[in-house]
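*Asks:* Input: one structure, supplied below.
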Amino acid sequence: MANVRRSRTAAPGLGRRRPLTAPAKAGALVRLLLDRLGSDVHDLWTDEDAVEVQIDGARNVDVLRRLRDDPELGFFFLADAAAVDYGPGVRFEVVYHLYSDRHPAWLRVRAHVSRDDPRLPTVTELWEGAMFHEREMYDMMGIVFEGNRDLRRIYMSPNYRSFPQRKDFILPDDAADSSAAGVNPLERPETWDLRRFSETLAPGASAPADEPVAAAGAAVEAGQTDADKSRPR
Amino acid sequence: MDFSLLLGIGRFVLATTLLLLLTVPTAFIIIYLELKMIALMQLRIGPNRVGPAGIFQSAIHGFKVLGKEDVTPDQADRPIFTLAPWMVFMAAAMSMLVIPFAPGLVAFDSQISVVYFFAIIGLSVVGLLVAGWASYNKYSLLGGLRSAAQMVSYEIPLTLSIVGVVILTGTLSFTQIIEWQRLHGWAVIWQLVGFPVFYIASTAEINRTPFDLVEADSEIVAGFATEYSGMRFGFFFFAEYVALFIMSGILVTLFFGGWLAPWPFPAQLSGFLGSLYGLFWFMLKTYIFVLISIWARATLPRIRVDQLMGMAWKALLPIALVNLLVTAAVVVIFNL
Amino acid sequence: MTAVDPETRIPDPLDLERLEEDRLRAAAGLAPQKKAAGEYAGFEQVGLPDRPPETERERQLFSLEEGEMLVNMGPQHPSTHGVMRLLVKVRSEVVTDLDVVLGYLHRGIEKLCENATYTTVLTYVDPMDYMSAMHNEHAPALAFEKLYGIEAPMRAQYIRALVVELNRVFSHGLMMGFLALDMGGITPLLYGFINRDEIVDMLSAISGQRMLFNFFRVGGVNFDVNDEFISRLGHWRTRALATVEDNERILTQNEIFTARTKGLGVLSAKDAISLGVSGPNLRASGVALDIRKAHPYPPYDELEFEVITQSGGDTYARYLQRVAEIKQSIHLIDQIVDQMPHGPVQAQVPGIIRPRPGRAYAAVESPRGLYSVYAISDGGPNPYRFRMRDPSFISLQVMPKLMPGHLIADTMAIMASLDPIMGGVDK
Numbered sequence: 001m002a003n004v005r006r007s008r009t010a011a012p013g014l015g016r017r018r019p020l021t022a023p024a025k026a027g028a029l030v031r032l033l034l035d036r037l038g039s040d041v042h043d044l045w046t047d048e049d050a051v052e053v054q055i056d057g058a059r060n061v062d063v064l065r066r067l068r069d070d071p072e073l074g075f076f077f078l079a080d081a082a083a084v085d086y087g088p089g090v091r092f093e094v095v096y097h098l099y100s101d102r103h104p105a106w107l108r109v110r111a112h113v114s115r116d117d118p119r120l121p122t123v124t125e126l127w128e129g130a131m132f133h134e135r136e137m138y139d140m141m142g143i144v145f146e147g148n149r150d151l152r153r154i155y156m157s158p159n160y161r162s163f164p165q166r167k168d169f170i171l172p173d174d175a176a177d178s179s180a181a182g183v184n185p186l187e188r189p190e191t192w193d194l195r196r197f198s199e200t201l202a203p204g205a206s207a208p209a210d211e212p213v214a215a216a217g218a219a220v221e222a223g224q225t226d227a228d229k230s231r232p233r
Numbered sequence: 234m235d236f237s238l239l240l241g242i243g244r245f246v247l248a249t250t251l252l253l254l255l256t257v258p259t260a261f262i263i264i265y266l267e268l269k270m271i272a273l274m275q276l277r278i279g280p281n282r283v284g285p286a287g288i289f290q291s292a293i294h295g296f297k298v299l300g301k302e303d304v305t306p307d308q309a310d311r312p313i314f315t316l317a318p319w320m321v322f323m324a325a326a327m328s329m330l331v332i333p334f335a336p337g338l339v340a341f342d343s344q345i346s347v348v349y350f351f352a353i354i355g356l357s358v359v360g361l362l363v364a365g366w367a368s369y370n371k372y373s374l375l376g377g378l379r380s381a382a383q384m385v386s387y388e389i390p391l392t393l394s395i396v397g398v399v400i401l402t403g404t405l406s407f408t409q410i411i412e413w414q415r416l417h418g419w420a421v422i423w424q425l426v427g428f429p430v431f432y433i434a435s436t437a438e439i440n441r442t443p444f445d446l447v448e449a450d451s452e453i454v455a456g457f458a459t460e461y462s463g464m465r466f467g468f469f470f471f472a473e474y475v476a477l478f479i480m481s482g483i484l485v486t487l488f489f490g491g492w493l494a495p496w497p498f499p500a501q502l503s504g505f506l507g508s509l510y511g512l513f514w515f516m517l518k519t520y521i522f523v524l525i526s527i528w529a530r531a532t533l534p535r536i537r538v539d540q541l542m543g544m545a546w547k548a549l550l551p552i553a554l555v556n557l558l559v560t561a562a563v564v565v566i567f568n569l
Numbered sequence: 570m571t572a573v574d575p576e577t578r579i580p581d582p583l584d585l586e587r588l589e590e591d592r593l594r595a596a597a598g599l600a601p602q603k604k605a606a607g608e609y610a611g612f613e614q615v616g617l618p619d620r621p622p623e624t625e626r627e628r629q630l631f632s633l634e635e636g637e638m639l640v641n642m643g644p645q646h647p648s649t650h651g652v653m654r655l656l657v658k659v660r661s662e663v664v665t666d667l668d669v670v671l672g673y674l675h676r677g678i679e680k681l682c683e684n685a686t687y688t689t690v691l692t693y694v695d696p697m698d699y700m701s702a703m704h705n706e707h708a709p710a711l712a713f714e715k716l717y718g719i720e721a722p723m724r725a726q727y728i729r730a731l732v733v734e735l736n737r738v739f740s741h742g743l744m745m746g747f748l749a750l751d752m753g754g755i756t757p758l759l760y761g762f763i764n765r766d767e768i769v770d771m772l773s774a775i776s777g778q779r780m781l782f783n784f785f786r787v788g789g790v791n792f793d794v795n796d797e798f799i800s801r802l803g804h805w806r807t808r809a810l811a812t813v814e815d816n817e818r819i820l821t822q823n824e825i826f827t828a829r830t831k832g833l834g835v836l837s838a839k840d841a842i843s844l845g846v847s848g849p850n851l852r853a854s855g856v857a858l859d860i861r862k863a864h865p866y867p868p869y870d871e872l873e874f875e876v877i878t879q880s881g882g883d884t885y886a887r888y889l890q891r892v893a894e895i896k897q898s899i900h901l902i903d904q905i906v907d908q909m910p911h912g913p914v915q916a917q918v919p920g921i922i923r924p925r926p927g928r929a930y931a932a933v934e935s936p937r938g939l940y941s942v943y944a945i946s947d948g949g950p951n952p953y954r955f956r957m958r959d960p961s962f963i964s965l966q967v968m969p970k971l972m973p974g975h976l977i978a979d980t981m982a983i984m985a986s987l988d989p990i991m992g993g994v995d996k
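Same order as they appear, the protein sequences are chains A, B and C. Residue numbers for the first sequence, in the working numbering: 1 to 233. Residue numbers for the second sequence, in the working numbering: 234 to 569. Residue numbers for the third sequence, in the working numbering: 570 to 996.
Here is the structure:
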């Protein structure tokens with residue numbers, strides 16, 4: 001059976017104490033959730049205006065469909081779909097916030113996703129508007145949504161390699177240590193093609209010799225460039 | 234050698250040179266008026282630094298445009314790309330030859346001025362279409378096609394609406410049309426339907442708001458003129474304002490009495506003073522319509538291309554035809 | 570630096586090395602490598618990207634039939650509301666498909682906020698949806714107050730609502746202006762800016778800034794109202810309703826405007842909910858969902874107003890909805906000014922405060938829709954995860970759904986009626 005926990009009370013003496021009214025109103029919602037979702041709920045938690053439910057990632061479409069289609073639950077609006085990274089070796093979480101006009105609280109559905117193989121079924125068949133949410137989650141965290149017909153990067157450029165919002169992504173200033181070093185060929189001088197600038201030379205002059213480029217090509221093939229030596233392989 | 238022939242040729246050359254030179258100040262004045270009037274209507278100040286109340290602003294615009302780099306796209310069709318602005322500008326300038334500014338101040342006073350005028354104005358279509366095609370750019374192509382479609386569609390209501398005036402006055406010469414209006418009153422009272430049709434069609438012909446989707450800068454950047462820069466773009470720009478002046482002038486000539494003064498004033502004086510008097514009234518009336526066009530630009534949004542074509546073929550054309558038939562019937566019945 | 574295990578990276582779908590190899594070969598004058606059979610061979614066509622399509626949707630988008638061409642309404646364009654790229658597949662002026670390419674204004678605000686204290690976060694979120702900066706700050710302030718376990722005093726809540734409604738007034742006024750501008754009417758925008766200038770002068774009197782206000786604090790607002798603010802507010806209130814009605818007169822009955830907007834881009838209620846559209850766009854489609862009424866945050870539970878909806882869901886309805894909301898906001902401002910209580914404007918919060926570990930979600934109604942913040946705290950001085958859900962981002966998904974079948978000119982009209990702000994879209 002799921003754990004039902006309540007939030008801690010506000011720290012004493014700070015501002016006005018918040019009235020804990022919503023959990024009482026949301027009591028009906030809590031009972032309904034436990035009743036309808038049953039064993040899918042691993043954990044349940046309530047706050048002033050939110051009820052939180054933790055589920056396993058693979059069941060997310062099923063649970064969300066029941067939440068949406070059940071006439072007494074009626075969570076017809078997907079307010080937010082976010083991804084959280086709890087650190088290398090821990091897990092990812094995809095958090096859905098749902099709105100229903102029958103219940104006075106937001107419903108938060110936290111779906112656990114393993115960090116080593118972050119795959120999750122897509123919810124775009126339930127809400128088309130989840131497409132951009134899932135694209136952003138893929139772009140920023142690297143969570144792959146199976147069944148999504150358009151899972152490509154949305155903020156970063158299409159050939160960007162790493163996933164910026166992960167906890168082990170290091171800012172580009174530390175490029176040499178970052179797993180994203182040298183993603184952009186412009187960061188690697190050996191890939192520059194100097195012959196593109198030949199039309200600016202005076203007639204009779206010739207472009208710089210091709211040896212550096214050919215040698216650079218050989219170095220790339222052999223895996224002996226500076227970029228290759230700068231990060232762990 | 235016939236002395237009068239030489240005099241005639243010399244007079245013609247002088248007149249055409251003067252007119253070509255006059256297009257530029259005309260454009261400058263209208264550009265300044267547009268900037269200032271639209272600013273005042275938007276509760277702004279507008280140009281106020283260059284010269285008293287900013288009157289030299291458009292001259293400076295002209296010099297700026299001269300000084301810009303002329304960039305031609307690599308794969309554009311170079312000879313036609315260069316020729317397109319000339320075509321548009323020449324269409325406007327050549328049609329200025331027949332405008333009756335004042336009694337005795339007509340560069341080319343012929344018996345078929347009307348036909349000449351509307352034939353030459355149609356040449357600007359070619360220029361725009363060619364500009365769009367030769368630029369090797371999808372936006373320009375779209376703009377050129379839009380402009381061709383628009384201008385060709387509105388040519389027909391334009392010419393049909395003035396045929397009413399021609400039937401009424403019985404002549405194709407602008408000076409004789411004005412003469413008829415001196416005797417019978419301004420043609421606008423006789424052609425209450427023809428005037429709005431002409432006004433709308435002429436606004437569409439010269440690509441002014443609300444028909445300026447050719448250069449819709451919020452949709453396809455600058456339309457056919459996207460790839461043009463420097464003086465070539467300046468030519469398109471100037472040609473549009475000169476065409477505005479010309480169309481307003483023709484509107485005034487055909488419907489509002491040309492150089493004739495309105496009722497309390499004597500309609501026409503004679504001699505050199507008469508020319509100045511006529512010129513003053515012509516310019517005043519023309520600029521009133523120019524200002525109305527600028528006012529429309531500040532106020533109205535733009536019509537979409539399919540609505541534009543629909544209006545030309547489904548609304549203006551039938552109205553112009555009906556107007557023509559009714560005018561012809563009235564003229565025949567009342568033996569005017 | 571901790572050593573990074575490269576095995577944690579998921580291999581990307583693109584074979585980057587092969588492309589670089591091809592590039593080097595081309596530089597050296599060699600022919601590129603032979604493509605495997607069945608690979609995408611569309612590199613030759615102008616306008617298509619020089620990499621194979623990665624997804625089913627991309628394949629659908631980049632396969633051109635006879636007579637279609639890809640027009641790029643690129644990041645630099647006079648009319649896209651910020652930097653955004655629209656890849657439009659047209660068949661001579663009729664749009665058959667559309668793809669929105671984003672990310673030109675991506676600043677990594679969410680990740681930045683993970684390294685900033687809770688107070689600093691409120692300054693980072695301002696430039697997201699820069700036209701409604703007060704709303705951008707309102708949602709995180711509410712979320713952080715839940716984490717801290719405090720509540721702002723009522724006077725602060727009322728001042729918050731006041732500035733938020735003022736922000737809504739000028740944001741909607743500008744939307745009217747941009748809608749008209751995208752259709753060629755240049756004047757309503759200037760009128761909108763005149764109105765905005767008045768309000769922004771007011772807000773600068775109270776917060777010190779004209780656009781990125783930095784006014785909200787966790788536990789209240791930064792400054793109380795002052796004399797200049799009150800005097801400007803009074804001047805504005807006397808003329809506000811008349812100004813709105815004047816400004817809308819130039820558009821609402823204009824035949825050209827109505828001919829271009831009525832019946833255009835109809836968004837059904839079912840589609841709108843499925844796409845996640847919220848705010849005025851959703852209410853213009855007939856769904857009465859307003860967060861101020863649905864999950865009210867103080868002081869909206871004490872203010873009297875109704876949820877306005879329009880029927881029709883077309884561009885004209887979205888325009889009318891915003892005009893109606895301006896009037897509703899003016900009405901709300903009247904009530905707020907009448908009912909504002911006395912009291913402090915900031916809760917007594919110690920200098921160094923650590924919130925309790927936990928999660929908080931707060932949603933406000935911004936001029937573009939539901940703007941929400943999901944904040945996770947681990948007990949430290951910085952948020953562990955700070956997630957903002959921007960309404961313009963989600964509304965943009967309406968474009969590929971609505972556009973096919975319309976003309977290019979309508980692209981701009983529909984986009985302007987959705988009123989996206991790229992700062993929020995790209996975060």
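All residues carry an ideal CB built from backbone N, CA and C; glycine is no exception.
Could you check where the beta strand (DSSP E) with residue 55 of chain A kicks off and where it finishes?
*Replies:* 50-56
*Asks:* Residue 991 of chain C CB to nearest chain A CB: under 7 Å?
*Replies:* no
*Asks:* Shorter than 7 Å from the beta carbon of residue 938 of chain C to some beta carbon of chain A?
*Replies:* no
*Asks:* Expressed to the nearest angstrom, what Euclidean distance is found between the alpha-carbon atoms of residue 554 of chain B and residue 294 of chain B?
*Replies:* 43 Å
*Asks:* Identify the contact partners of residue 753 of chain C in chain B, using a Cβ-Cβ distance below 8 Å as the criterion.
*Replies:* 442, 443, 445, 446, 449, 451, 533, 534, 535
*Asks:* Check this for me: beta carbons of residue 92 of chain A and residue 118 of chain A, under 7 Å apart or not?
*Replies:* Yes; because the gap between Cβ atoms is below 7 Å, this pair is in contact.
*Asks:* At 3 residues or longer, and completely inside the stretch 656-687 of chain C: list those beta strand (DSSP E) runs for me, N to C.
*Replies:* 663-670
*Asks:* Given a threshold of 16 other Cβ atoms within 10 Å of its Cβ, counted over all protein chains shown, does residue 981 of chain C qualify as buried or as exposed?
*Replies:* buried
*Asks:* Does any CB atom of chain B fall closer than 7 Å to the CB of residue 768 of chain C?
*Replies:* no
*Asks:* Give the interface partners of residue 829 of chain C over in chain B, defined as CB-CB distance under 9 Å, in chain order.
*Replies:* 534, 535, 536, 537, 540
*Asks:* Would you say residue 820 of chain C and residue 749 of chain C are within 7 Å of each other, going by their C-beta atoms?
*Replies:* yes
*Asks:* Assign residue 201 of chain A to one of two classes, buried (16 or more other C-beta atoms within 10 Å of its C-beta) or exposed (fewer than that).
*Replies:* Bear in mind that a pLDDT of 48 at residue 201 of chain A, under 50, signals an unreliable position, so the number given afterwards is only what the model happens to contain. Classification of residue 201 of chain A: exposed, given that the 10 Å Cβ count is below 16.
*Asks:* Which residues in chain A sit within 7 Å of residue 728 of chain C, going by Cβ to Cβ distance?
*Replies:* Under the 7 Å cutoff, chain A gives no residues; its nearest Cβ is about 16 Å from residue 728 of chain C.
*Asks:* In the DSSP output, what is residue 97 of chain A paired with across the bridge?
*Replies:* BP columns for residue 97 of chain A point to A/80, A/108.
*Asks:* Out of B/261, B/445, B/389, point me to the one whose CA is closest to residue 548 of chain B's CA.
*Replies:* B/389
*Asks:* For a contact meaning CB atoms closer than 9 Å, what does residue 749 of chain C contact in chain B?
*Replies:* 534
*Asks:* Under 7 Å Cβ to Cβ from residue 29 of chain A, same chain only, skipping five residues before and after it: list those, please.
*Replies:* 51, 103, 105
*Asks:* Could you tell me whether the stretch 278-298 of chain B touches the stretch 358-367 of chain B, where touching means 3 or more Cβ pairs closer than 8 Å?
*Replies:* Touching, no, given that fewer than three Cβ pairs across the two stretches are closer than 8 Å.
*Asks:* When the distance is taken between beta carbons, is residue 943 of chain C closer than 7 Å to residue 953 of chain C?
*Replies:* no
*Asks:* What residue does the alpha helix (DSSP H) around residue 157 of chain A start on, and which one ends it?
*Replies:* Run containing residue 157 of chain A: none; DSSP gives neither H nor E here.
*Asks:* What residues from chain A crowd round residue 625 of chain C, counting only those whose CB sits closer than 8 Å?
*Replies:* 149, 150
*Asks:* Could you give the uninterrupted runs of the alpha helix (DSSP H) lying entirely in the stretch 923-992 of chain C, keeping only those of 4 residues or more?
*Replies:* 960-964, 967-971, 977-987
*Asks:* In chain C, which residues lie less than 9 Å from residue 165 of chain A when you measure between Cβ atoms?
*Replies:* In chain order: 677, 679, 680, 683, 954.
*Asks:* Check the C-beta distance from residue 825 of chain C over to residue 258 of chain B and give it rounded, since I have them as a contact under 8 Å.
*Replies:* Taking 8 Å as the upper bound for CB-CB distance, residue 825 of chain C and residue 258 of chain B are not in contact here, some 33 Å apart.
*Asks:* Mind listing the chain C neighbours of residue 371 of chain B? Cutoff is C-beta to C-beta under 7 Å, in chain order.
*Replies:* The contacting residues are 638, 640.
*Asks:* Please report the distance separating the alpha-carbon of residue 297 of chain B from that of residue 469 of chain B.
*Replies:* 15 Å
*Asks:* Can you check whether the CB of residue 153 of chain A is closer than 7 Å to the CB of residue 236 of chain A?
*Replies:* This structure leaves residue 236 of chain A out entirely; chain A is present only between 1 and 233.
*Asks:* In three-state DSSP terms, what is residue 396 of chain B?
*Replies:* Collapsing the DSSP output to three states places residue 396 of chain B in a helix.
*Asks:* Leaving out five residues on either side along the sequence, give the residues of the same chain with a beta carbon under 7 Å from the beta carbon of residue 231 of chain B.
*Replies:* It is not possible to answer for residue 231 of chain B, since the shown part of chain B is limited to 234 through 569.
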